[in-house]
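A quick write-up on the structure given underneath.
Written as structure tokens, this is what we have:
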């Protein structure tokens, strides 16, 4: 994908936060991201970009997901993600011990979507990956508040 093809359409309002172990197959991340989109009642065109921890900048699965959704991948340092800890629905001491932040997928989605954003899909997991979706509060489905994480 070229950066000009990304610029051909305006970005969607949603940010797909991704976390994964090193060497996770791209298909695992993409399948989990597609599942999260269904949960959000959204589609590919609604994604503005994918976001993750800067330590995953070289991870092929993150870039494959960005290519799959025809968006760019953006990366944030652990301190920036950790600043979102009060807004995380699933903070993890184990993740903090490994990364320096309490949540990669949720934190990256929230940072990317901005300070007025909310989690539309809290962290969902597969064997080696995590995905969360954040966006404007008005995008939140009415049923989200009644569904347990």
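Numbering (our numbering), first residue to last: 523 to 671. For every residue, glycine included, the Cβ atom is placed at its ideal position computed from N, Cα and C. What you are looking at is a predicted structure, and each value in this text was computed from that prediction instead of being measured.
- In the DSSP assignment, residue 557 falls outside any beta strand (DSSP E) and within the unbroken alpha helix (DSSP H) covering 548-562.
- In terms of Cα proximity to residue 631, the closest of 610, 554, 617 is 610.
- If you draw a straight line from the Cα of residue 541 to the Cα of residue 589, it is about 16 Å long.
- For residue 600, the enclosing alpha helix (DSSP H) begins and ends at 600-604.
- A contact is defined here as three or more CB-CB pairs under 8 Å, and the stretch 597-613 meets this definition with respect to the stretch 636-646.
- Residue environment for residue 568: buried (at least 16 other C-beta atoms within 10 angstroms of its C-beta).
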